[in-house]
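Numbering (our numbering), first residue to last: 463 to 802. Idealized CB from N, CA, C, for every residue including glycine.
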Ligand code: PMP
């Protein structure tokens, strides 16, 4: 007996860059003084006011099955958040709550792509993207974003790379790992391309609160792409809630309804008390959120100062997000060898 080809191909021989992370984790567990730089977790813990709201919800008995697509209150709070931060509004029935932005990404892939179809993924990209595309039985077409172009997406290069079966473009702004915040011109170019070629635009914007050098332009700002845009959001980074697994996908209503079908078949909702804590955080957690942003702004400055003149590498100053990408070409090493 063998597991399905599909599940065996989620990790496709290589480790998709996770090897150094697993190795560092083992070294740390063995007591070696390793500082983990490979994963975007917080040392800043979820604020006590948010934890108190979660505990109150547990004490009140919100411990049963919760609304699979998210509670009405949380979906409304997410819609409000989108409305207050994006040019275009959102309604609660466009929101599906997922266990983290990661599940939102997978849901968006399954919603947009049939098995065997392809999705443009801009390189460099966040480490789970490859597995996410494969888990949806789809294929990634990698299109590079170039250093000399500030790691901005290039609509002409993307168009040249499209295959007849390409159905979606996955973008990420602010970008992990490059730190690029996509300009209005590039976002409008992507929207124009998606409209003209009939493509979904899946926009991962989980770092939207960490913009150091804006303006930040969301795919959800662009009215013209409204019917074919899926927005991925999360509270992991904005509210220090990585372990709570709270994310969402915002999508045109009919797409949202199909994603809810998928959530029935996969996660069957996330715990109600966590949803209540998340709703509280969105409605009343502004101070906690602002505190996280301020600390990452300071850390960005400290990181640039500390690493700016390192031997053999150059820091790419991030316009957004919680990472510093290094240009290591001078070392002559591959990225993986350098990380190891
Ligand atoms: N997208 C990007 C670009 C990320 O960096 C991450 C987490 N590192 C995620 C999505 C998913 O985060 P989560 O599932 O915790 O919301």
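| message | For a test of your reading of the model: does the CB of residue 496 fall under 6 Å from any non-hydrogen atom of ligand 1? Yes or no. | response | No, ligand 1 has no heavy atom inside 6 Å of this Cβ.
| task | Can you say whether residue 490 is buried or exposed, counting buried as having 16 or more other CB atoms within 10 angstroms of its CB? | result | Exposed, by the Cβ-count rule.
| query | Under three-state DSSP, which class holds residue 664? | reply | Strand.
| task | Taking only the alpha-carbon atoms, compute the straight-line gap between residue 766 and residue 779 and give it to the nearest angstrom. | result | Roughly 7 Å separates the two Cα atoms.
| message | Between residue 632 and residue 669, how many whole angstroms is the CB-CB distance? I'm expecting something under 8 Å. | response | Incorrect: roughly 15 Å between the Cβ atoms, too far for contact.
| query | Do residue 621 and residue 584 come within 7 Å of each other at the CB atom, strictly closer than that value? | reply | It is not a contact, given that the beta carbons lie outside the stated cut-off.
| said: Per the DSSP calculation, residue 558 is bridged to which residue(s)? | reply: DSSP output for residue 558 lists 711 as bridge partner(s).
| field | Runs of alpha helix (DSSP H) wholly within the segment 577 to 602 (minimum 4 residues, chain order) | value | Runs of the alpha helix (DSSP H) inside the segment 577 to 602: 591 to 597.
| task | At 4 residues or longer, and completely inside the segment 676 to 739: list those alpha helix (DSSP H) runs for me, N to C. | result | With a minimum length of 4 residues, the continuous alpha helix (DSSP H) runs that stay inside the segment 676 to 739 are 715 to 727.
| Just to confirm, does residue 564 get its C-beta within under 6 Å of one of the non-hydrogen atoms of ligand 1? | Within 6 Å of the C-beta of residue 564 there is at least one heavy atom belonging to ligand 1.
| Residue from 727, 642, 578 and 639 whose Cα sits closest to the Cα of residue 628 | It is 578 whose Cα lies nearest to the Cα of residue 628.
| message | Looking at ligand 2, does it come within less than 6 Å of residue 479, judged from the CB to the closest heavy atom? | response | As presented, the structure is devoid of ligand 2, carrying ligand 1 as its sole ligands.
| From 696, 774 and 714, residue whose alpha carbon lies closest to that of residue 539 | Checked all of 696, 774 and 714; the closest Cα to residue 539 is 696.
| said: Applying the 10 Å Cβ sphere with the 16-neighbour rule, what's the burial state of residue 468? | reply: It is exposed - the Cβ of residue 468 has fewer than 16 other Cβ atoms within 10 Å.
| query | If residue 472 and residue 596 are in contact, beta carbons under 8 Å, what's the gap, nearest whole angstrom? | reply | Between residue 596 and residue 472 the Cβ distance is about 5 Å, and since that is below 8 Å, they are a contact.
| request: Count the other C-beta atoms from every protein chain shown that fall within 10 angstroms of the C-beta of residue 510, then say buried if there are 16 or more, exposed otherwise. | output: With fewer than 16 other CB atoms across the displayed protein chains lying within 10 angstroms of its CB, residue 510 is exposed.
| said: Are there any heavy atoms of ligand 1 lying less than 6 Å away from the beta-carbon of residue 611, as far as the coordinates show? | reply: No, Cβ of residue 611 sits at least 6 Å from all heavy atoms of ligand 1.
| So, helix, strand or coil for residue 628, using DSSP? | Residue state, collapsed to three classes: strand.
| task | Could you check the C-alpha separation between residue 714 and residue 707 for me, to the nearest Å? | result | For residue 714 and residue 707, the distance between alpha carbons rounds to 23 Å.
| field | Heavy atom of ligand 1 within 6 Å of residue 705 beta-carbon | value | Incorrect: residue 705 has no Cβ contact closer than 6 Å to ligand 1.
| message | With a threshold of 6 Å (Cβ to nearest heavy atom), would residue 532 be considered close to ligand 1? | response | Relative to the non-hydrogen atoms of ligand 1, the Cβ of residue 532 never comes closer than 6 Å to any of them.
| Extent of the continuous alpha helix (DSSP H) to which residue 473 belongs | Taken as a continuous stretch (DSSP letters only), residue 473 belongs to no alpha helix (DSSP H), as it is neither H nor E.
| said: So, under 8 Å CB-CB, residue 570 and residue 664 are touching, yes? Tell me the CB distance rounded to an integer number of Å. | reply: Residue 570 to residue 664, Cβ: 5 Å. Contact.
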